[in-house]
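Trainee: This is the structure I want to talk about, given as structure tokens.
In the numbering used here, the protein residues as written are 65 to 349.
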């Protein structure tokens, strides 16, 4: 298995160059195999918000056009949040690499929070946006940050190995910019990364891959305009097993229609008739 990451605009996918086949990514696995209960309420709320914010515009439209606008309203909100998250990720990546960035005013609060995290936890990133993959389970992903951080000297972190400078090494971190905080599925996402067999720092060079280092700590960085939170995330074998279950459910969902055949035509015509109690005539049944 040799992986190359392909990109086209905001979209990306992974190809096994040995077979030419696409290999599913971790987030795709979760999108296909894990119910998103929160999205049901989100979709309703986003549509309602769109209706309120565009009331005059919608009122001037014909009913059919108004319905079309309302159906697509939530996607405008989703695209805005997705674009913001992508830009914050890209700027965070460049800042971690020590590059200078020009920050748009609308993103400045998020980038300031990202920089605060880097500074206050003294992040020493070793790999950024590295590809990781599992040969046995045939999935791929791109982690955000793999490196060392300085955690507080508190009893709950006593079990974590530290180097001579007090840093917890080999931490796996994922940055989130959504408004709602860190969802439970992040545990499955990070466990998918953690239990991969190989890490590939160069997404274009399969030969750069090496055995996945052992991870000592996993966490999510909730980057907000008013600050940030570093949230520990449990990613043990149990969570990885749940991730693999989601992978299997996703595979089933992609092919479940193939399990249902065409209706069977009866080999003979019906000879039964339905007789109404209040009528003498017989009606074919």
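Just so you know, even glycine gets a beta-carbon here, dropped at the ideal spot from N, CA and C.
Under 9 Å between the Cβ atoms of residue 152 and residue 175?
Mentor: Going by C-beta atoms, residue 152 is nearer than 9 Å to residue 175.
Trainee: Are residue 286 and residue 230 touching if we call contact CB-CB under 9 Å?
Mentor: No, the Cβ-Cβ distance between residue 286 and residue 230 is not below 9 Å.
Trainee: Verify whether the separation of the beta carbon atoms of residue 283 and residue 238 is less than 9 Å.
Mentor: Result yes, Cβ atoms of residue 283 and residue 238 sit closer than 9 Å.
Trainee: What separation, rounded to the nearest whole angstrom, lies between the Cα atoms of residue 280 and residue 226?
Mentor: When rounded, the distance between both Cα atoms is 10 Å.
Trainee: Enumerated in chain order, which unbroken segments of the alpha helix (DSSP H) with a length of 4 residues or greater are wholly contained in the segment 280-345?
Mentor: Counting whole runs of 4 or more residues, the segment 280-345 contains the alpha helix (DSSP H) stretches 301-319.
Trainee: Hey, how far is the Cα of residue 328 from the Cα of residue 113?
Mentor: The alpha-carbon atoms of residue 328 and residue 113 are separated by roughly 48 Å.
Trainee: Does residue 269 get closer than 9 Å to chain D when you measure Cβ to Cβ?
Mentor: Absent here is chain D; the protein component of the structure consists of one chain.
Trainee: Quick one, which of 67, 149, 117 has its alpha-carbon nearest residue 74's?
Mentor: The shortest C-alpha separation from residue 74 is found at 149.
Trainee: Can you tell me which residues form a DSSP beta bridge with residue 76?
Mentor: For residue 76, which the question treats as bridged, DSSP gives the partners 71.
Trainee: How is the alpha helix (DSSP H) around residue 221 delimited, first residue to last?
Mentor: That residue, residue 221, is in no alpha helix (DSSP H); it is neither H nor E in DSSP.
Trainee: Going by beta-carbon coordinates alone, are residue 187 and residue 213 separated by less than 9 Å?
Mentor: Yes, Cβ-Cβ distance for residue 187 and residue 213 is below 9 Å.
Trainee: Any idea which residues DSSP pairs residue 237 with across the strands?
Mentor: For residue 237, which the question treats as bridged, DSSP gives the partners 209, 283.
Trainee: For residue 259 and residue 129, what's the separation of their Cα atoms in angstroms?
Mentor: When rounded, the distance between both Cα atoms is 49 Å.
Trainee: Tell me whether residue 189 sits in a helix, a strand or coil according to DSSP, three-state version.
Mentor: In this structure, residue 189 counts as strand in the three-state DSSP scheme.
Trainee: Are the Cβ atoms of residue 67 and residue 195 separated by less than 9 Å?
Mentor: The answer is yes: Cβ separation under 9 Å.
Trainee: With distances taken Cα to Cα, identify the nearest neighbour of residue 351 among 265, 247, 155.
Mentor: Only positions 65 to 349 of the chain appear in the structure, and residue 351 is not among them; the question remains open.
Trainee: Quick check: the Cα distance between residue 219 and residue 156, rounded to an integer number of angstroms?
Mentor: So the alpha carbons of these two residues sit roughly 30 Å apart.
Trainee: Shortest alpha-carbon distance to residue 289 belongs to which of 252, 172, 117?
Mentor: The shortest C-alpha separation from residue 289 is found at 172.
Trainee: So, residue 256 versus residue 205, is the Cβ gap smaller than 9 Å?
Mentor: Yes.
Trainee: Please state the DSSP three-state secondary structure of residue 85.
Mentor: If DSSP states are grouped into helix, strand and coil, residue 85 belongs with the strands.
Trainee: State yes or no: is the C-beta of residue 197 within less than 9 Å of the C-beta of residue 78?
Mentor: Yes, the Cβ-Cβ distance between residue 197 and residue 78 is below 9 Å.
Trainee: Name the DSSP bridge partner or partners of residue 155?
Mentor: BP columns for residue 155 are empty, so no partner.
Trainee: Between residue 294 and residue 185, how many whole angstroms is the CB-CB distance? I'm expecting something under 8 Å.
Mentor: The Cβ separation is near 6 Å, so the contact holds.
Trainee: Quick check on the burial criterion: 16 or more other C-beta atoms within 10 angstroms. Buried or exposed for residue 177?
Mentor: Result: buried.
Trainee: Considering only C-alpha positions, which residue in the set 233, 98, 270, 304 is nearest to residue 277?
Mentor: When only C-alpha atoms are compared, the closest one is 233.
Trainee: For residue 264, list the residues DSSP reports as bridge partners.
Mentor: The partner list for residue 264 (beta bridge, DSSP) reads 195.
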